[in-house]
Amino acid sequence: MQFRIATWNINSVRLRLPLVERFVAEFAPDVLCLQEIKCREEDFPLAALQQLGFSFIEVNGQAGYHGVATLSRIPMTRMSSKRFCGADHARHLATALTAPDSGGVVIHNVYIPSGGDIPDPGLNPKFEQKLVYLGRIAEWFARPENRSERMIILGDFNVAPLENDVWSHKQLLTVVSHTPVEVEHLEGLRAAAGWVDPVRLHIPPTEKLYTWWSYRSKDWRASNRGRRLDHIWTTPSLAPHVHRVTVADAARDWPQPSDHVPVIADIAIP
DNA sequence: ATGGTGGTCCTACCA
73 MQFRIATWNI NSVRLRLPLV ERFVAEFAPD VLCLQEIKCR EEDFPLAALQ
123 QLGFSFIEVN GQAGYHGVAT LSRIPMTRMS SKRFCGADHA RHLATALTAP
173 DSGGVVIHNV YIPSGGDIPD PGLNPKFEQK LVYLGRIAEW FARPENRSER
223 MIILGDFNVA PLENDVWSHK QLLTVVSHTP VEVEHLEGLR AAAGWVDPVR
273 LHIPPTEKLY TWWSYRSKDW RASNRGRRLD HIWTTPSLAP HVHRVTVADA
323 ARDWPQPSDH VPVIADIAIP
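If you want it as structure tokens, here you go:
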């Protein structure tokens, strides 16, 4: 079985429902993981998204901020929604594909805290919370009972780990999202389950690659001061079966865009 | 060096 999975920080699913519809029409994902839906479950545009063919939809939402949702055309069940940093934030949703030929793939859709402006956990509680979140989610995946052979973790990680994941490694070393301490914490999460980054297997680390461009620039493509904040990782056994990856950067030019663009992986389940 | 934009939901807070 082959399927296409995508992650997209949508920055309000209600406001940008037309963009989700356009993305689905143009890119036909079988599984779509959204972050920053910014609504409660009861306000989620369920019927409109079911009409796009997603018969299986799970939502972990809250009013106004954060929130994640996982939509699937393939049979899928909800597993859990953890609060890794203690705060009452809707930032995680685990589901599992249940179709017999889907390999029982477990999908962790995450929205890691942004971390505020000052990269010092002593001065900035938001930065501390980000590091705590990364530490706790790593601890969770380090426990064998929380792992399985075929897993995907994807979402807005709010960390650009590699030098070519940002427009200027040197200038962003002290900017939240690319500081060494965040990169170390993200590496802790990666190592906890032996996660592989198949996006960088397909697009080599020597190439610049971004998934986010700030709203605060006149011409995002001309200035191109982007960062790769959105990621799709798989367990080692799944990584060789990711046969294509796409960053749908055209979506950054759609009307009233999100500041993030979708990242897509095509996976053939062995 | 600074301020630049955008979403939620009514006043700041968050990104």
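Throughout the first sequence, residue numbering follows the numbering used here, covering 73 to 342 in sequence. Just so you know, even glycine gets a beta-carbon here, dropped at the ideal spot from N, CA and C.
Compute the Euclidean distance between the alpha carbons of Arg219 and Arg86, then round it to the nearest angstrom.
As a working note, residue 219 is residue 147 in the first sequence. As a working note, residue 86 is residue 14 in the first sequence. About 33 Å.
Kindly indicate which three-state DSSP category Ala162 falls into: helix, strand or coil?
Here residue 162 refers to the residue found at position 90 of the first sequence. Note: Ala162 maps to coil in three-state DSSP.
If we call anything under 9 Å between Cβ atoms a contact, is Ile184 one with Leu206?
Position 112 of the first sequence, counted from the start, is the residue given in the question as residue 184. Position 134 of the first sequence, counted from the start, is the residue given in the question as residue 206. Inclusion of Ile184 and Leu206 in the CB contact set at 9 Å is warranted, their separation being smaller than that value.
Residues of its chain near Thr246, where Cβ-Cβ distance is below 8 Å and the 5 sequence neighbours each way are ignored
For the purposes of this step, residue 246 is taken as residue 174 along the first sequence, with counting starting at 1. Pro191, listed in sequence order.
I'd like the list of long-range same chain contacts for Gln107, defined as Cβ closer than 6 Å, with 5 residues on each side in sequence excluded.
Translated into positions along the first sequence, residue 107 becomes position 35. Excluding positions up to five away in sequence, the list reads Asn81, Val140, Tyr183, Gly227 and Asp228.
Distance check for Glu217 and Asp325, CA to CA, integer angstroms please.
Counting from one through the first sequence, the residue named residue 325 turns up at place 253. Counting from one through the first sequence, the residue named residue 217 turns up at place 145. Approximately 43 Å, taken between the alpha carbons.
Judging by CA-CA distance, which residue of Pro270, Gly260, Ser249 and Pro101 is the nearest neighbour of Lys198?
Here residue 198 refers to the residue found at position 126 of the first sequence. Ranking Pro270, Gly260, Ser249 and Pro101 by CA distance to the CA of Lys198 puts Ser249 first.
Would Trp239 and Tyr282 be called neighbours here (beta carbons separated by less than 9 Å)?
The residue you call residue 239 lines up with position 167 of the first sequence. The residue you call residue 282 lines up with position 210 of the first sequence. Yes, these two residues count as a Cβ contact at 9 Å.
Judging by CA-CA distance, which residue of Met73, Phe75 and Asn83 is the nearest neighbour of Val333?
As a first step, residue 333 must be located in the first sequence, where it is residue number 261. Relative to Val333, the option among Met73, Phe75 and Asn83 whose CA is nearest is Asn83.
With DSSP as the reference, please indicate the residues paired to Trp285 in a beta bridge.
Position 213 of the first sequence holds residue 285. The partner list for Trp285 (beta bridge, DSSP) reads Gly298.
Helix, strand or coil: which one does DSSP assign to Arg86?
Counting from one through the first sequence, the residue named residue 86 turns up at place 14. Reduced to three states, the DSSP call for Arg86 is coil.
Do Asp338 and Val319 come within 9 Å of each other at the CB atom, strictly closer than that value?
For this step, residue 319 is matched to residue 247 along the first sequence. For this step, residue 338 is matched to residue 266 along the first sequence. No, Cβ-Cβ distance for Val319 and Asp338 is not below 9 Å.
If you drop the 5 nearest sequence neighbours on each side, which residues of the same chain put their C-beta closer than 7 Å to that of Gly188?
For the purposes of this step, residue 188 is taken as the residue at position 116 of the first sequence. Within its own chain, the residues whose Cβ lies closer than 7 Å to the Cβ of Gly188, once the five positions on either side in sequence are excluded, are Asn196, Lys198, Phe199 and Val248, listed in chain order.
Rounded to whole angstroms, what's the CA-CA distance from Glu221 to Asn132? Just pull it up for me.
If you number the first sequence from 1, residue 221 lands on position 149. If you number the first sequence from 1, residue 132 lands on position 60. Cα to Cα, Glu221 sits roughly 25 Å from Asn132.
Tell me where the beta strand (DSSP E) around Ala141 begins and ends.
Numbered from its first residue, the first sequence carries residue 141 at position 69. Val140 to Ser144 is the extent of the beta strand (DSSP E) around Ala141.
If you draw a straight line from the alpha carbon of His138 to that of Pro193, how long is it in whole angstroms?
Position 66 of the first sequence, counted from the first residue, corresponds to residue 138. Position 121 of the first sequence, counted from the first residue, corresponds to residue 193. Going from the Cα of His138 to the Cα of Pro193 covers about 21 Å.
Buried or exposed for Glu114, please, with buried defined as at least 16 other CB atoms from any protein chain shown within 10 angstroms of its CB.
Stepping through the first sequence from its first residue, residue 114 is reached at position 42. Its Cβ having fewer than 16 others within 10 Å, Glu114 is exposed.
For Ile209, does the three-state DSSP call read helix, strand or coil?
Residue mapping note: residue 209 aligns to position 137 of the first sequence, counting from 1. In the three-state scheme derived from DSSP, where H, G and I count as helix and E and B as strand, Ile209 is classed as helix.
As a quick exercise: from Ala322, Thr306 and Pro329, pick the residue whose alpha carbon is nearest that of Asn181.
Residue 181 sits at position 109 when you count from the first residue of the first sequence. In terms of Cα proximity to Asn181, the closest of Ala322, Thr306 and Pro329 is Thr306.
Which residue's Cα is closest to the Cα of Ala340: Ala119, Asp102, Ser330 and Ala294?
Mapped onto the first sequence, residue 340 falls at position 268. The shortest CA-to-CA distance from Ala340 to any of Ala119, Asp102, Ser330 and Ala294 is the one to Asp102.
Report the three-state DSSP secondary structure of Leu226 (helix, strand or coil).
Reading the first sequence from its first residue, position 154 is the one you call residue 226. Leu226 sits in a strand when the DSSP states are folded into three classes.
Measure the beta-carbon distance from Ile129 to Leu118 and round it to whole angstroms, keeping in mind my assumption that it falls under 8 Å.
The residue given as residue 129 occupies position 57 in the first sequence. The residue given as residue 118 occupies position 46 in the first sequence. In this structure Ile129 is in contact with Leu118, their Cβ atoms being roughly 6 Å apart against a cut-off of 8 Å.
Is it buried or exposed for Ser201, if we count other Cβ within 10 angstroms and need 16 for buried?
Along the first sequence, read from residue 1 onward, the residue named residue 201 stands at position 129. First, the amino acid is wrong: residue 201 is Gln here, not Ser. Under this definition Gln201 is a buried residue.
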